[in-house]
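Here the structure comes first, spelled out in structure tokens, and everything after it is commentary.
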Amino acid sequence: MGDYQAPLFLAWQLTNRCQARCLHCCEESGPDKLWPDELSREEALSLARQTVALGIPYAAFGGGEPMAVPHVWEVFETLSNGGTALKIETNGLPIGEAEADRLANLDTECVQISVDGATEATHEKVRPLGDFKGAVASIRRLVKRKLPVEFVFVPNRHNIHEAEAAYALAAELGVRTFISGPMMRLGRAAQAWDTLAAPEDDYRRAVEALEKRAAKGGPRLAIYPWDIRREMLERLSSPQAMVLVVPNGKLKLLNALPFAPADLRKCTLAESWPLYQAAWRSDEVRAFVEACQTDASLLLHANETWPMGQWAARRKAAAR
């Protein structure tokens, strides 16, 4: 983080609205979850232009469903034309033939599509209001155009028995990478952790089975190595040269951390970078990360946006 004059990577949540209401959603997104103060088209395009001006090489879009935002193509084109490569995390539902053609004409580094089962029944149990057939069809369209597609599968109690079959489906579809890892204890997943999280032994066996299956040939297998609390410790020790922008323009450190040291409606992206760096070095953030290691209830605050100093003041008042 300290080696760079600007971020190397911008993670941007354009909206918190999504067609589906996934059981394990880190962001608690859904059809009725649009934030009332999300950035306007003009504000989003201004941020895209600032990203290009700073020479940020990589921008990743999640959400909510970024592809459903009306001005998303203007944002994508501004970034791509300015030299910023795109990573898109999507449920795949908005990607028809025309959209696939447009993505093929942009500097698209990868498209990650979430498929949380090898069957329609399992996928749509984990992703209520989702569309298994629609997601698979979108993958086929993108692969046909030789776009780098990644198949994302999040193991939980409802789908872990289909992990190997999901990998086989990904192989049949011709994706570049099969991505999996521990379900993150954030958002809805945190709220339903005791009934949704797969037992550790089941998860370990599923990972071993995936590794054996991948060794026989197929997409590259990428298993994220850490759960969210371990990730927080790792990032605290060595923060990434990246920033997270949530739908209303607040700039955060990590999706698990509620701290928002900057508001891009009040400062530029360039001005926010030293504020981000200072926040990672603060005693307040360190204390919060350390407290999360033993108090999982703190993870329920992940999707909030606290100004720096708020949590420290709250703890000080509670100690009196």
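Numbering that gives the first Met the number 0 puts the sequence shown at residues 0 to 319.
Backbone N, C-alpha and C fix where the C-beta goes; we use that ideal spot for every residue, glycine too.
Here the structure is a predicted model, which is why all the values come from computation and not from measurement.
Rank the options by C-alpha distance to the C-alpha of residue i and give the top, closest one.
i, options, result
"Val-71", "Gly-82, Ile-87, Phe-287 and Tyr-57", "Ile-87"
"Tyr-166", "Trp-34, Val-151 and Ala-5", "Val-151"
"Ile-159", "Leu-172, Asn-302 and Glu-207", "Glu-207"
"Ala-311", "Glu-270, Trp-34, Ala-197 and Ala-278", "Ala-278"
"Gly-63", "Cys-291, Leu-298 and Val-245", "Val-245"
"Ala-84", "Leu-13, Ala-99, Phe-60 and Leu-250", "Phe-60"
"Gly-180", "Asp-193, Ala-191, Arg-204 and Val-174", "Arg-204"
"Leu-128", "Ala-162, Thr-267 and Pro-30", "Pro-30"
"His-157", "Arg-285, Trp-192 and Gly-81", "Trp-192"
"Asp-226", "Ala-214, Ala-255, Lys-251 and Lys-145", "Ala-255"
"Pro-147", "Ile-178, Gly-1 and Ser-45", "Ile-178"
"Pro-306", "Ala-318, Ala-317, Ala-316 and Glu-283", "Glu-283"
"Cys-24", "Asp-36, Glu-119 and Val-153", "Val-153"
"Gly-329", "Ala-316, Glu-123, Pro-56 and Lys-124", "As displayed, the chain neither begins before 0 nor continues past 319, which places residue 329 out of reach and without an answer."
"Gln-68", "Lys-124, Trp-11 and Asn-80", "Note on identity: in this sequence residue 68 is Val, with Gln being the wrong assignment. Of the listed residues, the one whose Cα sits closest to Val-68 is Trp-11."
"Val-51", "Val-74, Glu-41 and Arg-40", "Val-74"
"Glu-26", "Thr-194, Met-182 and Glu-230", "Met-182"
"Ala-58", "Ala-316, Glu-41 and Asn-80", "Asn-80"
"Lys-215", "Glu-163, Arg-280, Ala-286 and Asn-90", "Glu-163"
"Glu-41", "Ala-317, Tyr-223 and Leu-263", "Leu-263"
Taking the beta strand (DSSP E) that residue i belongs to, which residues open and close that run?
i, result
"Ile-87", "84-89"
"Thr-107", "107-113"
"Phe-258", "Run containing Phe-258: none; DSSP gives neither H nor E here."
"Phe-8", "8-12"
"Phe-150", "148-151"
"Lys-251", "249-251"
"Ser-179", "176-179"
Give a yes or no on whether the C-beta atoms belonging to residue i and residue j are separated by under 8 Å.
i, j, result
"Arg-16", "Lys-32", "yes"
"Phe-8", "Ala-169", "no"
"Val-110", "Leu-141", "yes"
"Pro-257", "Leu-274", "no"
"Leu-105", "Glu-76", "yes"
"Thr-107", "Glu-161", "no"
"Ala-290", "Leu-299", "no"
"Ala-43", "Leu-78", "no"
"Ala-253", "Leu-243", "The amino acid at residue 253 is misidentified as Ala; the sequence shows Leu. Yes, they are a contact pair."
"Leu-172", "Val-135", "yes"
"Asn-247", "Trp-34", "yes"
"Val-174", "Glu-149", "yes"
"Ala-189", "Asn-155", "no"
"Gln-292", "Arg-212", "no"
"Thr-304", "Lys-251", "yes"
"Pro-238", "Thr-176", "no"
"Val-125", "Gly-116", "yes"
Assuming the contact rule is C-beta atoms closer than 8 Å, residue i and residue j should be a hit. Round their C-beta distance to whole Å, please.
i, j, result
"Met-66", "Ile-94", "7 Å"
"Leu-22", "Arg-184", "Going by Cβ atoms, the distance from Leu-22 to Arg-184 rounds to 13 Å, so no, they are not a contact pair."
"Leu-220", "Val-288", "Not a contact, Cβ separation roughly 29 Å."
"Ala-5", "Trp-272", "6 Å"
"Leu-46", "Leu-268", "7 Å"
"Ala-99", "Arg-144", "6 Å"
"Gln-309", "Gly-1", "About 25 Å; that fails the 8 Å criterion."
Mind checking which residues open and close the alpha helix (DSSP H) that includes residue i?
i, result
"Val-288", "282-291"
"Lys-132", "131-143"
"Val-242", "That residue, Val-242, is in no alpha helix (DSSP H); its beta strand (DSSP E) goes 241-244."
"Gly-334", "Absent from the model: residue 334. The displayed extent of the chain is 0 to 319, so no value can be given."
"Trp-279", "268-279"
"Thr-77", "71-80"
"Tyr-166", "162-172"
"Trp-310", "309-318"
"Leu-102", "96-103"
"Thr-121", "119-125"
Which runs of the beta strand (DSSP E) spanning at least 3 residues fall entirely within the region 194-234, listed in chain order? 219-222
Output the residue ranges of the alpha helix (DSSP H) runs that lie fully inside the region 24-63 and measure 4 residues or longer, sorted by chain position. 40-52
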